[in-house]
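Enquirer:
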């Protein structure tokens with residue numbers, strides 16, 4: 219589908235590229251950015267992805283042309299009021315998956331749409347219920363899928379999602395990292 223604008227996805231995530239492509243939009247990927255992804259201390263958990271998405275948008279390495287739209291996003295997992303970002307080690311990934319095992323958590327993705335004149339930011343929340351995970355399941359998943367680039371140390375579309383997730387309330391695609399149905403609605407308004 220043609221929008222009359224050149225859409226830029228400011229993300230390295232292969233899942234976001236796949237999901238945005240699924241909307242039938244033509245876009246390029248440009249990840250040049252000066253923003254440091256570290257939330258301010260004391261920020262409320264649901265505000266973290268909003269701040270990160272806006273920061274990624276404002277940290278884009280150049281001024282947008284009049285015919286360009288930049289899309290940035292950030293996804294976090296929230297459990298017990300605590301934000302789980304991307305694990306930096308095997309031990310962190312194990313800890314995160316043990317924390318999620320048998321419990322319900324929220325996945326929040328914030329998306330910023332910006333052109334040379336305005337910006338819109340929105341967030342979508344989905345609730346995810348994990349079954350109890352055995353240690354050997356957690357070990358297998360980490361060894362085979364190396365989920366170090368995923369918030370909460372898991373990808374819903376991977377093996378752990380097949381065997382470990384018993385319920386999702388809200389957008390499945392949001393849990394993958396981009397709430398495409400809401401993005402589509404917001405892009406139509408934005409254009």
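Residue numbers (the numbering used here): 219 to 409.
Yeah, the Cβ is synthetic: ideal placement off N, Cα and C, and Gly gets one too.
Which first and last residues belong to the beta strand (DSSP E) in which residue 343 is found?
Expert: It spans 337-348 - the beta strand (DSSP E) in which residue 343 sits, taken as one unbroken run.
Enquirer: In whole angstroms, what is the alpha-carbon distance linking residue 271 and residue 328?
Expert: Cα to Cα, residue 271 sits roughly 6 Å from residue 328.
Enquirer: Under the three-state reduction of DSSP, which class applies to residue 288: helix, strand or coil?
Expert: Here residue 288 sits in strand by DSSP.
Enquirer: With H, G and I counted as helix, E and B as strand and the rest as coil, what does DSSP make of residue 321?
Expert: Coil at residue 321, not helix or strand.
Enquirer: Out of 257, 321, 261, 226, which has the shortest C-alpha to C-alpha gap to residue 290?
Expert: Of the candidates 257, 321, 261, 226, the one whose C-alpha sits nearest the C-alpha of residue 290 is 226.
Enquirer: Taking the continuous alpha helix (DSSP H) assigned at residue 268, which residues delimit it?
Expert: Residues 266-276.
Enquirer: Can you name, in chain order, every residue of its own chain whose Cβ lies under 7 Å from the Cβ of residue 314, other than the five neighbours on each side?
Expert: Only 302, 305, 370, 371 meet the Cβ criterion.
Enquirer: Taking DSSP as the reference, what is the three-state secondary structure of residue 368?
Expert: It is coil, neither helix nor strand.
Enquirer: Does residue 408 come out as helix, strand or coil in the three-state DSSP assignment?
Expert: Helix, per DSSP.
Enquirer: Keeping to the same chain, check which residues put their C-beta closer than 8 Å to that of residue 384; ignore five residues upstream and five downstream.
Expert: Excluding residues within five positions, the ones whose Cβ falls inside 8 Å are 347, 348, 349.
Enquirer: List the endpoints of the continuous beta strand (DSSP E) containing residue 245.
Expert: Residue 245 -> beta strand (DSSP E) spans 245-247.
Enquirer: From residue 280 to residue 246, what distance separates their C-alpha atoms?
Expert: If I take the Cα positions, the gap works out to 15 Å.
Enquirer: On the three-state DSSP scale, how would you describe residue 283?
Expert: It is coil, neither helix nor strand.
Enquirer: Are the Cβ atoms of residue 282 and residue 229 separated by less than 9 Å?
Expert: For residue 282 and residue 229, no; Cβs fall outside 9 Å.
Enquirer: Work out the CA separation of residue 339 and residue 331 for me, nearest whole Å.
Expert: Each residue's Cα considered, the two are about 6 Å apart.
Enquirer: Counting only the same chain and skipping the five closest in sequence on each side, list residues whose C-beta sits under 7 Å from that of residue 401.
Expert: Closer than 7 Å at Cβ, skipping near neighbours: 329.
Enquirer: State the DSSP-derived secondary structure class of residue 413, mapped to helix, strand or coil.
Expert: The question about residue 413 has no answer, for the chain in this structure spans 219 to 409.
Enquirer: Is it the case that the Cβ atoms of residue 326 and residue 259 are separated by a distance below 9 Å?
Expert: Against a cut-off of 9 Å, the Cβ pair of residue 259 and residue 326 comes out as no contact.
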